[in-house]
Amino acid sequence: MQVMTFHRLSASALTGIAFAGFAAMYLVGYFVHDWLVPRTLVMLAWIVIFGVLAWLRLDETAREAHKFAWFYGAGVGLMLALIAAMLVIWAPGSWEALAAQVATFFGPAVVDMPPALAGVIVGLMACAIAQVIGYGLVWCGWWARRR
Amino acid sequence: VKNKLKVLRAERNWSQAELAERLGVSRNSINAIETGRYDPSLPLAFSISELFGMPIETIFQRN
Chain W
1398 MQVMTFHRLS ASALTGIAFA GFAAMYLVGY FVHDWLVPRT LVMLAWIVIF GVLAWLRLDE
1458 TAREAHKFAW FYGAGVGLML ALIAAMLVIW APGSWEALAA QVATFFGPAV VDMPPALAGV
1518 IVGLMACAIA QVIGYGLVWC GWWARRR
Chain V
9 VKNKLKVLRA ERNWSQAELA ERLGVSRNSI NAIETGRYDP SLPLAFSISE LFGMPIETIF
69 QRN
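If you read the protein sequences in the order shown, they are chains W and V.
One gets my numbering by counting positions in the first sequence from 1 and adding 1397 to each.
One gets my numbering by counting positions in the second sequence from 1 and adding 8 to each.
This is the structure we're talking about:
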């Protein structure tokens, strides 16, 4: 019975479960600093499993929107992140305050790291965030044009 | 590519949601195809063709 109910879940519901679970685990990690690597692996496994299940339930139009958003949105987002990285190299002093602010977003675990290591984490996460923002904007634009 | 999907659907008194269910796609997809803002893949075009019992070229034409 439970399996049948699970099979009826739509792609939207599965995507919601993927992000809700990911966000919940992220919030737990913000306050509980132990088991960082295993927790991160569980978060990634969670989002991959539910992401794949959601993808399998999408029709071709929805998949096309995601592929388009990934190529153009996330691609441009990553390029902008790399341009930002060059600006940091060009004028490092002016970015320190912003980097410190961004580091607090990822919790005390990152803030307490050695600055170089925290910088790497913040840089990687900034790339991911830029991709997600670009992805989201282009995905919304794709559907807005086809409504 | 333009198509006669809206006309064919109207002739059968099907809603977009009903057609979407018969084809196994979302209503958004049907809307995007009907308005010419999305060209379906060949497998979906074949499914549409089989559902309406018409050749693909009767339903879809080049602009």
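Idealized CB from N, CA, C, for every residue including glycine.
With respect to VAL1519/W, ALA1496/W sits close: the two C-beta atoms are nearer than 7 Å. Counting only unbroken stretches of 4 or more residues, the alpha helix (DSSP H) elements lying wholly within the stretch 25-62 of chain V are 35-42, 50-60, in sequence order.
Here LYS10/V is bridged, per DSSP, to GLN69/V. Between LYS12/V and ILE67/V, the gap from beta carbon to beta carbon is short of 7 Å. Taking 7 Å as the CB threshold, THR1458/W lines the interface with chain V. GLU42/V places its beta carbon less than 7 Å from that of LYS14/V. Contacts with chain V at 7 Å (Cβ-Cβ) do not include ARG1405/W. MET1510/W sits in coil when the DSSP states are folded into three classes, being neither helix nor strand.
Around the Cβ of TRP1432/W, a 10 Å sphere holds fewer than 16 other Cβ atoms; the residue is exposed. Distance from the Cα of ALA1494/W is smallest, within the candidate group ALA1442/W, PRO1512/W, LEU1477/W, MET1483/W, for PRO1512/W.
When only Cα atoms are considered, LYS1464/W and PHE60/V end up about 29 Å apart. At least one CB atom of chain V sits nearer than 7 Å to the CB of ARG1543/W. In this structure, the straight-line span from the alpha carbon of VAL1429/W to that of GLN1498/W is close to 20 Å.
By the rule that beta-carbons nearer than 7 Å mark a contact, ARG45/V touches chain W. Look at VAL1429/W here: in three-state DSSP terms it is coil, with no helix or strand label.
Excluding the 5 residues flanking it on each side, ALA1527/W has same chain C-beta neighbours closer than 7 Å at GLY1474, LEU1475, LEU1477, ALA1478, in chain order.
In this structure, PHE1447/W sits near ALA1415/W, with a CB-CB distance shorter than 7 Å. Put simply, of ARG1454/W, PHE1419/W, LEU1453/W, ARG1543/W the residue whose alpha carbon is nearest the alpha carbon of THR1437/W is PHE1419/W. For the set TRP22/V, ASP47/V, ILE38/V, LEU27/V, the Cα lying nearest the Cα of ASN71/V is the one of ASP47/V. In the three-state reduction of the DSSP assignment, TRP1443/W falls in the helix class.
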